Amino acid sequence: MTSLLLPAMFFAACVLPQEEPGAADVGDDTAATEVVPPSAAYLIVTVPALEGVAARWAEYREATGYAVTTVLTKDLVRDTGDGEEVAGEVEREARALAKQYPDRPVHILLLGDVTVDGEDGIPGTACKNDLGYCYTDNEYAGRSMDGVPTYAVGRIPAGSEAAATAALEKQIAFEAEYAVGEFNRRIFFYAGESGWDASLTELVESMVMMGLTKVDPAYDIIGLYNDPNSSYYYTPFDEKVVELFNEGSVFAMYLGHGSSAYNDGLSVHDIESLDAQGRLPYLALFACSNGEYYLPSPSVAEAAFAVDGGPIGVLAASGLSHPYGNAVFPYELQRSLFSGAFTTVGESLVDAKRQVMENEDEVRGLLDFYGSTEGLSDGDMARLREQHLDLYNYMGDPASPLLLPPARVTLEVEGESYDGALLVRGTVPNVEEGTAKVTFEVPIDQILGDLEDINVYSPDPATVQTNWATAIDKVVVAVEVPVSGGAFEATLTFDNDLPGADYFVKAYVSDGKADAVGAAAVR
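Numbering (the numbering used here), first residue to last: 12 to 534.
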């Protein structure tokens, strides 16, 4: 089970704010890397205390192909604590860059927390929220009439030169080398405890799975649901969340209850345990208040971002969020991230927010239908969608490259599932000699094996863990074959007693230096 849809439809309550995280160590190596994103305009907004780090960040981004401009808030306005005034001037600077470089996207880096060394930092602006107060960085990005940002914006929530330096070092290390491994095709999702009865859990799970069938099948989805009624329940839950995060993934996401200091599976007290191996994921926290960046103590999102082994960037809410918005936004975010149309996280986020307001596909129709059954009018839903654009802010460099597998495997499949055998031929453009892992898999909404009954009031941990392993394993058969001359061939044999459905042949190809993914549907 995993990712990007509906448990959020029925989450309502949020727990109260708490406090207290830590900071990252500072490194030394800031040499420019060989990663060269597509040319774009890049605006750094900072304060005098971080001017030295801003100069190094600008030098790094220039070396990676960006046209960089740096501004200090004190040079833009008199009252550097007035968020609307600062944001208005920054937007003017961004518009000027857009005119200067009309063929390039504009990325805006807010280098600094709301306060830096006890002085005015980079302020947020108050935003509209039916559920309470919130602050946003969207004002810096320029907005259309329906609130969609024009430019990509991200904040480095650093309250000191040391914290800003650590963030720069972490970003450089992330881009310095594309690590090869199956974590490059992994999506990790965890959902918090709902408190629903078994029938409602089953209903919501089925709707979630419908949404998950829209995720690019070349990626593996690994997830947890902290509800004993679910087939994807795991105990101990918190430890498993950290373990799966640390295995590395391209994208990680949470759906559920939350506060500034907590979500179900990760709190500010657990943050130091994060140490993703292979690669750091982008993390989205669809919960109340996980990104309250204007509080004195760091939020879950800020604390996670500050850890060396934590996410390279975090999207999170600055206040109370709504179940409907927390269903729509995750769905659109995964569509944008994995569309192949964007190379930076900032561009993907701008597109996702646009699609929140504009997309009308069948999944969105289902979400609107269930929103209406919860008493929301069309006007209510339109207003909530727009409010969630401002409510969710990105912490990290918006120009950070997605670093998805750089090539696709082309697959030709002879045979069908009822034959009990498939002949698979594949070609890959970036691996001349290497290994192909080829699998035949059931779709994400099917479970291959049988699950044992558990007592939901007192579940046996060993049985729960066995059931979870069975539920997430979608592989019918797997083989590894050599790649020669950029091509491979594999024969997959299996029992042909599978229920009728659309299945997938998937391939992960690597030579230890480069990798590629691919998938093909099979009847």
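Beta carbons are placed, not taken as given, at the ideal position from N, Cα and C, and that holds for glycine.
These figures come from a predicted structure and were not determined experimentally.
Counting the other CB atoms within 10 Å of its CB gives L291 a total of 16 or more, which places it among the buried residues. Cβ contact annotation for D93 (same chain, cutoff 8 Å, sequence separation greater than five): P134, in chain order.
Per DSSP, L296 is not a residue of any alpha helix (DSSP H); the beta strand (DSSP E) it occupies stretches across 293-297.
Across the structure, G259 and V88 are spaced so that their CA atoms are roughly 42 Å apart. Contact between the segment 376-384 and the segment 302-309 is absent: fewer than 3 CB-CB pairs across the two stretches fall below 8 Å. In this structure Y230 is buried. Its beta-carbon is surrounded by 16 or more other beta-carbon atoms within 10 angstroms.
Between the segment 168-180 and the segment 196-206 there are fewer than three C-beta pairs closer than 8 Å, too few to call the two in contact. Secondary structure note for A518: its beta strand (DSSP E) is the uninterrupted segment 514-521. Between L422 and G529, the CB-CB gap stays under 8 Å.
Looking at the DSSP output, N274 bridges to G269, L277. In the structure shown, the three-state DSSP call for G390 is helix. The C-beta distance from A447 to G437 rounds to 6 Å, short enough to fall under 8 Å. Contact between L121 and Y77 is absent: CB atoms are separated by about 16 Å, not below the 8 Å threshold.
Beta-bridge pairing by DSSP links T126 to D131. For the pair G123 and V79, the CB atoms are not nearer than the 8 Å cut-off. Of all C-beta pairs linking the segment 323-337 to the segment 397-413, three or more are shorter than 8 Å, placing the two stretches in contact. Taking the C-beta atoms as reference points, K517 is found nearer than 8 Å to E452. Under the DSSP definition of a beta bridge, P493 partners with T446. Counting the other Cβ atoms within 10 Å of the Cβ of Q345 gives 16 or more, which makes it buried.
Taken through DSSP and simplified to helix, strand or coil, D86 comes out as helix. Of the residues assessed, K110 falls on the exposed side of the cut-off, its CB having fewer than 16 other CB atoms within 10 angstroms. DSSP, reduced to helix, strand and coil, places P472 within a helical segment of the structure shown. Linking G132 to T91 through their CA atoms gives a straight-line distance of about 8 Å. In this structure, the alpha-carbon of L331 lies about 43 Å from that of V533. Positions of the beta strand (DSSP E) runs, each at least 3 residues long and wholly inside the segment 98-184, are given as 117-122, 163-167 in order along the chain. When DSSP reads this structure, D286 sits in a beta bridge with G320.
Take D391, set aside five residues on each side of it, and no residue of its chain has a beta-carbon closer than 6 Å to its own. Counting other Cβ atoms within 10 Å of its Cβ, Q398 reaches 16 or more and is therefore classed as buried. Counting the other Cβ atoms within 10 Å of the Cβ of Y403 gives 16 or more, which makes it buried.
Around the Cβ of T136, a 10 Å sphere holds 16 or more other Cβ atoms; the residue is buried.
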